[in-house]
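Here is the structure we will look at.
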Amino acid sequence: MKLTCTKCGLPLRSIHNRALPEYELTGNPYHVNCLPRKSDSEVKMQIILNVVSSLSGYSIEEILTGGRQREFVVPRQIIQKLGIDNYVGCSFQSLYVYSKFGKQKGWHHATVLHGNATMSQLIEIYPEFRDRFEETKEVYQIMYESYKNKITAKK
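Residue numbers (my numbering): 507 to 661.
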């Protein structure tokens with residue numbers, strides 16, 4: 507199934523031109539340069555969610571609402587760590603309140619701190635977690651830089 511951008515109708519081709527769900531996570535895909543205008547922190551969080559979803563092979567909804575199985579827990583912890591590392595000026599709780607799923611699941615500040623601490627320990631000890639996190643971080647940085655460059659070029 508080929509995805510097309512909801513706004514411009516052009517096909518979405520590669521990870522660097524990947525679909526980004528709308529703010530409410532309705533699944534409507536956009537090119538990075540076709541995203542509705544959001545604050546920088548909202549865009550960062552959306553890119554983090556999308557990159558982790560893409561690389562894990564699970565939808566954002568599955569990752570955030572999934573249970574305690576490792577295949578859902580590790581992507582959630584990667585989201586928490588990337589969110590804390592790259593989300594300057596944002597409260598920890600908004601990492602999940604933003605997605606609307608955290609509020610329903612009862613997640614709060616301590617949940618995000620625990621996920622961040624756990625991922626930090628896993629990265630230090632296990633090379634496979636370090637590699638997975640670094641790959642996710644690199645793709646996030648590429649996507650965010652691409653977004654910033656396209657916004658700058660439009661001005």
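C-beta: ideal position from N, C-alpha, C; glycine also.
Counting along the chain, where does the alpha helix (DSSP H) carrying residue i start and finish?
i, result
"Gln627", "615 to 631"
"Arg576", "576 to 592"
"Ser565", "Premise fails: Ser565 is in no alpha helix (DSSP H) and is neither H nor E."
Just the Cα atoms here: how many angstroms apart are residue i and residue j?
i, j, result
"Glu568", "Gly621", "17 angstroms"
"Gln586", "Ile657", "26 angstroms"
"Glu640", "Gly563", "17 angstroms"
"Gln583", "Ala623", "9 angstroms"
"Gly572", "Glu651", "30 angstroms"
"Tyr632", "Met625", "10 angstroms"
"Glu644", "Leu570", "22 angstroms"
When burial is assigned at 16 or more other CB atoms within 10 Å of the CB, is residue i buried or exposed?
i, result
"Arg636", "exposed"
"Gln552", "buried"
"Tyr646", "buried"
"Tyr694", "It is not possible to answer for residue 694, since the shown part of the chain is limited to 507 through 661."
"Arg638", "buried"
Using beta-carbon positions only, say whether residue i and residue j come within less than 9 angstroms of one another.
i, j, result
"Ile590", "Val549", "no"
"Thr642", "Val579", "no"
"Leu588", "Ile566", "no"
"Pro454", "Ser559", "The chain is shown only over 507 to 661; residue 454 falls outside these bounds and no answer can be derived."
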